[in-house]
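A.B. asks: Quick one: structure below, then a few questions.
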Amino acid sequence: MTSQTTIDTTGPGGKEPAPSDATPGKGLRGHPWLTLITVAVGVMMVALDGTIVAIANPAIGKDLGASWSDLQWITNAYFLALAVSLITAGKLGDRFGHRQTFLIGVAGFAASSAAIGLSQGITAVIVFRVFQGLFGALLMPAALGLLRATFPAEKLNMAIGIWGMVIGASTAGGPILGGVLVEHVNWQSVFFINVPVGILAVVLGGLILLDHRAENAPRSFDLLGIVLLSGAMFCLVWALIKAPEWGWGDVKTWAFIVASVVGFGLFAVWETKVKEPLIPLGLFRSVPLSAGVVLMVLMAIAFMGGLFFVTFYLQNVHGMSPIDAGLHLLPLTGMMIVGSPLAGVMITKFGPRIPLAGGMAFTAIAMYGMSTLDAHTASGVMSVWFALLGLGLAPVMVGATEVIVGNAPMELSGVAGGLQQAAMQIGGSLGTAVLGAVMASKVDNEFAGNWADAGLPPLTPAQSEQAALAVQQGSAPVPEGTPEQIAAKITEVAHTTFIDGMSLASLTAAGVAAVAVFVAFLTKRGENAEAGAGAAHI
C-alpha cells in the first residue's frame, strides 16, 4: 500500500512541505528547537513522576498508614493508567490536534499532582495517581507527534535522541530530587513541584507550539478494545499483587489470572475485526518491531521493579535520610545521563543489536550484584552496581524509538510510538507487581522461622502477619517499650528477612534482563524511518 505519514507534513502532490510548515516561521511559533524545549518540559514532568515517588513511598506509608499493597498501587495505578491510555491518546492527538492534547495533558497532570499533595488519605492518593497517568498519556505521544511534524527529516533523529535522553535522565533523576524534597520539605512537595513546571509548559506551549493533525484522522475509536485491554491488564496485576495475601494456589488468584488471559485473547480477536483497531496486530509481523516491544517490557520489569526495593533498602535497612538515599543513587543517574549520548553514537554507527544486547547484559550483571547487598554493604560497593545498571539501561532508553518506530510502516509510526511508551509503562507496572510478589512470598516463608530461631517471644498469627508486612518494607516491627537487647534482635531478624527477599527479587530481575539479551539480537535498524519512504507493507 502507498505510504502516508501519520502527521500531515506533505504538500500538494506528496512534495516536501513548504518552509513555513516544517521550518521556523516568523516569530516563535513552530520553531523546531523551541518546540523540543517545550515538549521536553512536559515529558520531563511525566517521566520524573514515574520514579520520584519511589523515594517518597516510605514517608507516604508512615504518614498515611499505607500497607505494602497500597504503596505498590501508588506506583501501579500510575503506570497502568499510562500504559492502557497511550495508544488511544495518540489517536486523540491525530484526530483533534497534537498541540491541544499536549496542553490539556500538561494542565491536567499538574492539577492532579496538586490534588495528590492535598489528599488526606491513601485512597485519594491512588485515585489521583490514576488521573495523573491518564493526563500523562495525553501529552507523551503528542510530544513525539509535535517533534515529528516540526523537525525536518534530516534532524528528526537527533531531536528524538534528545527527547529519549530527557526521559532517561528524568527517570533516573527522580529519586535524587525526591530525596531532597522529602527530607527538606515533605512528601507532598514531590507532587506540588509539578504545578509550576506544568504552568511553565502551558505558557511555552501556548506561545511556541504549532498545531499539527494527522491526515485521514480516525473518525471512531476502539472503545471495546480499550475496555478489553484495560480489564486484562488490571486482572493480571491485581492477581500478582494479591497473590501473597491470598496464596498462589487460591481460587481467587487463579480466577484473576484466567480472566486476564481471556481478556487478552478477546482483545486480540476483536482487533482483527474492528475497523479502527486500538493496536493494529499486523504491526507485530515485523520481528524487529516485536522484539523491540518485548525488550522495552523486559527492561522496565528489571529496572522499575528493582528500583522499588532499593529505596526501602537504603532508608529502612541502612537508616539513610531520603536525600542521602537519593545521593547514593547518583551513580545510576549519572551513568544514564553520560551513557545516553554515547549509546546514541554507538547505535548510529553499529546499529542497535550490539549496544542493546550489551546494555541488557550489563543490566543483568548489575541486578545480580544487587542481590549480594546486605545490611553492612559499603557505599562504594553499592555505587559500582548502581553505575553499571545506569550504563546498561542507557542504550535501551535511547535505542527504543529507532527499533520500534523505525521498523513500523510510516502510516503506522504514530501508533508504534505510543506502543513503545506503553511497553515501558506496562513493564514498569509488571515489574513492581512481579518482584513485589516474589519479595512478599520470600518474607512470608522465612519470617516466622527467623523469628523463632532468634529466640524471640512467640507471636499470634495476627501479630506475625502485621510484623511481616512491616518487614516487607525493611522496617523493624519493634513495639514501644521493648528492651534494647530484644529490639536489636527484632531489627536483625527484620533486616535479614527483608534482604533475603530483596536478593531473590534482584536475582529474578537479573534473569529477566538475561533473557532480554537474546531478544536484543532480534532487533535491527529501522528501514521505514526516513521521510518520503516508498511503498511499505506490514
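Mapping of the sequence shown onto this note's numbering: position 515 corresponds to residue 537, and the numbering continues sequentially without gaps.
Note that CB positions come from ideal geometry on N, CA and C, so glycine has one too.
All values derive from a computational prediction rather than experimental measurement.
In whole angstroms, what is the alpha-carbon distance linking isoleucine 96 and alanine 509?
C.D. replies: Approximately 31 angstroms between the Cα atoms of the pair.
A.B. asks: What is the DSSP secondary structure of isoleucine 59, counted as helix, strand or coil?
C.D. replies: Helix, per DSSP.
A.B. asks: Quick check on this structure: which residue in Pro417, Leu203, Ala397 has the alpha carbon closest to the alpha carbon of alanine 344?
C.D. replies: The amino acid at residue 344 is misidentified as alanine; the sequence shows proline. Nearest C-alpha to proline 344: Leu203.
A.B. asks: Under 8 angstroms between the Cβ atoms of leucine 452 and isoleucine 323?
C.D. replies: Cβ atoms of leucine 452 and isoleucine 323: closer than 8 angstroms.
A.B. asks: Go to asparagine 338, then tell me how far its alpha helix (DSSP H) extends in each direction, as first and last residue.
C.D. replies: Taken as a continuous stretch (DSSP letters only), asparagine 338 belongs to no alpha helix (DSSP H), as it is neither H nor E.
A.B. asks: Between the beta-carbon of valine 65 and the beta-carbon of alanine 165, is there less than 8 angstroms?
C.D. replies: yes
A.B. asks: Do methionine 255 and isoleucine 448 have their C-beta atoms closer together than 8 angstroms?
C.D. replies: yes
A.B. asks: Taking Cβ to Cβ, would you say phenylalanine 334 is nearer than 8 angstroms to proline 80?
C.D. replies: yes
A.B. asks: Would you check if the distance between the CB atom of isoleucine 109 and the CB atom of leucine 441 is smaller than 8 angstroms?
C.D. replies: yes
A.B. asks: For glycine 195 and aspartate 92, what's the separation of their Cα atoms in angstroms?
C.D. replies: 24 angstroms
A.B. asks: Check whether the Cβ atoms of proline 299 and glycine 247 lie closer than 8 angstroms to each other.
C.D. replies: yes
A.B. asks: In the region 475-536, which residue ranges form an unbroken alpha helix (DSSP H) of at least 4 residues, counting only runs that do not cross its ends?
C.D. replies: 483-493
A.B. asks: I'd like the list of long-range same chain contacts for proline 310, defined as Cβ closer than 7 angstroms, with 5 residues on each side in sequence excluded.
C.D. replies: Hits under 7 angstroms: Val425, Asn429, Leu544, Thr545, Lys546.
A.B. asks: Considering only their Cβ atoms, is the gap separating leucine 354 from leucine 317 smaller than 8 angstroms?
C.D. replies: no
A.B. asks: What is the C-beta distance between leucine 457 and glycine 328, in whole angstroms, given that I count them as a contact (C-beta under 8 angstroms)?
C.D. replies: 7 angstroms
A.B. asks: Taking the CB atoms as reference points, tell me whether leucine 226 and threonine 60 lie closer together than 8 angstroms.
C.D. replies: yes
A.B. asks: On a Cα-Cα basis, can you pick out the residue from Ala105, Ala462, Ala470, Met162 that is closest to isoleucine 126?
C.D. replies: Met162
A.B. asks: Where does the unbroken alpha helix (DSSP H) through glutamine 122 begin, and where does it stop?
C.D. replies: 120-139
A.B. asks: Helix, strand or coil: which one does DSSP assign to histidine 350?
C.D. replies: helix
A.B. asks: In whole angstroms, what is the alpha-carbon distance linking alanine 44 and arginine 51?
C.D. replies: Confidence is the limiting factor: at alanine 44 the pLDDT is only 41, short of 50, which leaves the residue's position unreliable and the question unanswerable from this model.
A.B. asks: Three Cβ pairs or more, each shorter than 8 angstroms: is that satisfied between the region 528-544 and the region 509-518?
C.D. replies: no
A.B. asks: On a Cα-Cα basis, can you pick out the residue from Ser528, Glu514, Ala191 that is closest to valine 493?
C.D. replies: Glu514
A.B. asks: Measure the Cβ-Cβ separation of leucine 415 and methionine 358 and say whether it is below 8 angstroms.
C.D. replies: With contacts defined as CB atoms closer than 8 angstroms, leucine 415 and methionine 358 qualify as a contacting pair.
A.B. asks: Going by other Cβ atoms of all chains shown within 10 Å of its Cβ, with 16 needed for buried, is leucine 156 buried or exposed?
C.D. replies: buried
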